[in-house]
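Data first, discussion second: the structure below is written as structure tokens.
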Amino acid sequence: MASDLVFYTNPQSRGRIVRWMLEEIGAPYETQVMEYASTMKGDAYRAINPMGKVPAIVHHGRVVTECAAICAYLADAFPEARLAPPIADRADYYRWLFFAAGPVEQAVTNKALHAEATPEQSRMLGYGSYDLAVDVLEQAVSRHDYIAGDRFSAADVYVGSQVGWGLQFGTLPKRDAFTAYVGRLMARDAYARANEKDDALANEAA
1 MASDLVFYTN
11 PQSRGRIVRW
21 MLEEIGAPYE
31 TQVMEYASTM
41 KGDAYRAINP
51 MGKVPAIVHH
61 GRVVTECAAI
71 CAYLADAFPE
81 ARLAPPIADR
91 ADYYRWLFFA
101 AGPVEQAVTN
111 KALHAEATPE
121 QSRMLGYGSY
131 DLAVDVLEQA
141 VSRHDYIAGD
151 RFSAADVYVG
161 SQVGWGLQFG
171 TLPKRDAFTA
181 YVGRLMARDA
191 YARANEKDDA
201 LANEAA
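Here the sequence shown is numbered in the UniProt record's numbering, starting from 1 and rising by one per residue.
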């Protein structure tokens, strides 16, 4: 019998974000590991994600791609996990989830590529400048224990993953607010389970 929830990933990818989210919701799911040079670019997977990228999920036959979208979708699809605030309290939840997926992602990527904009060109950039995006992110994670308030949410899965990787790979500065925020998230059981599963898959492929 086909699984109601199928997760397409590679342990050396952003799929780790979705793995963590799946462990947080606690619902059963099937994992399909995709290889970069073969199955990820094959016709069968491109029928799911024409970009040939992971992660993706198929839930009851419906495809969702893009990590932030998957996190938001799963929070709504599995409300019993309580990973999305009530509708009336979602302003910060949506704001910072998509701030991390848009301006922060773009700023960090361009910085890593050494793509420097002139002052005139910076007006075209949604993030303005790398320093501005980082400063605003720091302010956001400093306001509360979690990004949308005093309760953990799906937004923390995405934002926390971005901040954690930024600290690990040096694409974000090591600031006390970032370190404290990530430390709170890494103490979660679901985070540990997700890393254990992906690390095991990575070791199998090594």
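Glycine included, every Cβ here is placed at the ideal spot set by N, Cα and C.
{"query": "DSSP-derived helix/strand/coil call for alanine 56", "result": "strand"}
{"query": "Residue range of the unbroken alpha helix (DSSP H) whose run includes glutamate 80", "result": "Counting along the chain, glutamate 80 falls outside any alpha helix (DSSP H), and DSSP gives it neither H nor E."}
{"query": "Residue range of the unbroken alpha helix (DSSP H) whose run includes threonine 65", "result": "Per DSSP, threonine 65 belongs to no alpha helix (DSSP H); it is in the beta strand (DSSP E), 62-65."}
{"query": "Coil, strand or helix - threonine 31 by DSSP", "result": "strand"}
{"query": "Beta-carbon proximity list for valine 58, same chain, < 7 Å, skipping 5 on both sides", "result": "Val6, Ile48"}
{"query": "Exposure of alanine 205, with buried meaning 16 or more beta-carbon neighbours within 10 Å", "result": "exposed"}
{"query": "Opposing strand residues paired with phenylalanine 7 [DSSP bridges]", "result": "Thr31, Ile57"}
{"query": "6 Å Cβ shell around alanine 194 - same chain, five flanking residues per side excluded", "result": "Arg19, Trp20, Glu23"}
{"query": "At least three beta-carbon pairs within less than 8 Å, the stretch 34-43 to the stretch 91-99", "result": "no"}
{"query": "Proximity to alanine 100 [Cα-Cα], best of Ala202, Ile147, Asp4", "result": "Ile147"}
{"query": "Completely contained alpha helix (DSSP H) runs for the stretch 95-152, where each covers 4 or more residues", "result": "105-112, 119-122, 130-142"}
{"query": "Residue range of the alpha helix (DSSP H) that includes glycine 15", "result": "15-25"}
{"query": "The stretch 110-125 touching the stretch 155-166, judged by at least three CB pairs closer than 8 Å", "result": "no"}
{"query": "Beta carbon of glycine 164 nearer than 8 Å to that of valine 182", "result": "yes"}
{"query": "Alanine 156, enclosing alpha helix (DSSP H) - first and last residue", "result": "Reading off the sequence, residue 156 comes out as aspartate, not alanine. Start and end: 154-169."}
{"query": "Reduced DSSP secondary structure (H/G/I, E/B, other) of leucine 201", "result": "helix"}
{"query": "Inter-residue spacing [alpha-carbon to alpha-carbon] between glycine 128 and histidine 114", "result": "15 Å"}
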